[in-house]
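**Student:** Counting the sequence shown from 1 gives a position; this note's numbering is that position plus 74.
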Amino acid sequence: MTRAGIVSVVGKPNAGKSTFLNRVVGEKLSIVSPKPQSTRDRIVGIHTRGDVQLVLLDTPGLLVPKYALQESMRRTALATLADADAILYLVDATEGPPAPLADVAHLDRPPRAPVVVALNKVDLLSSPRRTELVERLPTAYAISAATGSGVDQLLEHLGTMVPPSPFLYPDDEISTQPVRFFAAELVRETALEQLEDEVPYSVACEIEEYREAQSPVYIRAVLHVERESQKRILIGAGGQRIRDIGRSARQKIEALVGDRVYLDLTVKVLANWRRNVHALHRFGYHIPEDHSS
Ligand code: GDP
Ligand code: MG
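1. Given this structure, state the Cα-to-Cα distance separating Arg301 from Glu263, to the nearest angstrom.
2. For Ser82, which of helix, strand or coil comes out of DSSP?
3. Within 8 Å, do at least three Cβ pairs link the stretch 168–179 to the stretch 120–128?
4. Kindly provide the ranges of any alpha helix (DSSP H) runs that are 4 or more residues long and lie completely inside the stretch 183–260, ordered along the chain.
5. Label Arg349 either buried or exposed according to how many other C-beta atoms from any shown protein chain fall within 10 Å of its C-beta, with 16 as the threshold for buried.
6. Does the beta-carbon of Leu297 have 16 or more other beta-carbons within 10 angstroms, so that it is buried, or is it exposed?
7. Who pairs with Leu337 in a beta bridge, going by DSSP?
8. Alpha carbon to alpha carbon, how far is Ala287 from Leu137? Give it in angstroms, no decimals.
9. Going by beta carbon distance, what residues of the same chain come within less than 6 Å of Ile80, once the five residues before and after it are set aside?
10. Straight-line CA distance for Val253 to Arg285?
11. In this structure, does DSSP put Ala278 in helix, strand or coil?
12. Tell me Ala160's beta-bridge partners as DSSP assigns them.
13. Check whether the Cβ atoms of Val83 and Leu155 sit closer than 8 Å, and answer yes or no.
14. Alpha carbon to alpha carbon, what distance is there between Asp197 and Glu169?
15. Alpha carbon to alpha carbon, how far is Pro290 from Gly332?
16. What three-state label does DSSP hand Thr122 in the structure shown?
17. Would the stretch 310–323 count as touching the stretch 335–351 if we require 3 or more Cβ pairs under 8 Å?
18. Which value, in whole angstroms, describes the spacing of the CA atoms of Gly90 and Ser218?
19. Tell me whether Asp226, by its Cβ, gets closer than 7 Å to a heavy atom of ligand 1.
20. Going by other Cβ atoms of all chains shown within 10 Å of its Cβ, with 16 needed for buried, is Ser92 buried or exposed?
21. If you reduce the DSSP assignment to three classes, tell me which class His180 lands in.
22. Quick check on DSSP: helix, strand or coil for Gln268?
23. So, with DSSP's three-state summary, where would you put Tyr314?
24. Given that a residue counts as buried once 16 or more other Cβ atoms are within 10 Å of its Cβ, and exposed if not, what is Gly313?
25. Could you pull out every residue in the same chain whose Cβ sits closer than 8 Å to the Cβ of Glu328, ignoring the five residues on either side in sequence?
26. Checking 8 Å against the spacing of the C-beta atoms, do Leu207 and Val191 come in under that value?
Structure follows, in structure tokens:
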């Protein structure tokens, strides 16, 4: 008899959710960035081992909405919680004992699904601090998403929390998101890596054309920013920065699709897109109904 179910991976920005998901799935799926709030949409990773299949949902940071984009992120995160058979609450162990999930997420009542706490980044703790934390939180799992330490034990425990069920996806599938989506994420991740603060959260990537029947695969992508000044920063002197971003993003996409890629990358200004509900829809962010009319 097989078991299968949905595990929502939640936590504050920078806790290591994307790193964890990438490790578990074994392929680079979810964007990883040293800057907070870089994951804007739900990403599904699928982990199948033996008779157990875990469908993992990465979530954007659970934030108090300040403007439309953050509201979209929060709505996605809450929807992810509601779908789950188990909730993995990932915390940065270097910040000390975590606040309860319901407090951090501003939930009116505790989530329906059981919560497992994982203390991540324990590779950064001295062993006395690590021991102290584990003694204070005996039911938590001490892990390092970066090194993989403790991750197998955690996955085994999560496997006992999902119900008896046929597999939800074929067992060789790692993700239900189209490659095209990941191509956009990789372009955006690459732009984030090469930019100073301020600009990154104003960058959205849209794939305008994706022709995979040919080799090299042809991809036309646009980086949208909010202001002319940001466009100038992104393009760089003599176009050097956008060429660097394009080259590096192309190599990442080639690794993902296993083929040569021609990446045609341009930058456009779409004024204040983060406050523009139509633009948010276009870039795939989920907006509550009552805000989209
Ligand atoms: P997210 O915002 O929760 O998705 O966090 P990310 O996965 O993007 O990670 C945020 C930062 O923490 C990145 O710089 C990661 O490399 C780093 N990080 C994540 N997990 C670990 C870990 O277990 N150990 C260490 N040392 N760094 C980690
Ligand atoms: Mg992330």
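Even glycine gets a Cβ: it sits at the ideal position worked out from N, Cα and C.
**Tutor:** On the basis of the supplied data:
1. 19 Å
2. strand
3. no
4. 201–210 and 225–235
5. exposed
6. buried
7. Ile293
8. Low per-residue confidence applies at Leu137: pLDDT is 48, beneath 50, and the placement is therefore not dependable enough to give any value.
9. Val129, Asp157, Ala158 and Asp159
10. 12 Å
11. strand
12. Val81
13. no
14. 13 Å
15. 10 Å
16. strand
17. yes
18. 9 Å
19. no
20. buried
21. coil
22. coil
23. Checking the displayed sequence, the identity of residue 314 turns out to be Gln instead of Tyr. The answer is helix: DSSP assigns Gln314 an H, G or I state.
24. exposed
25. Arg334 and Val335
26. no
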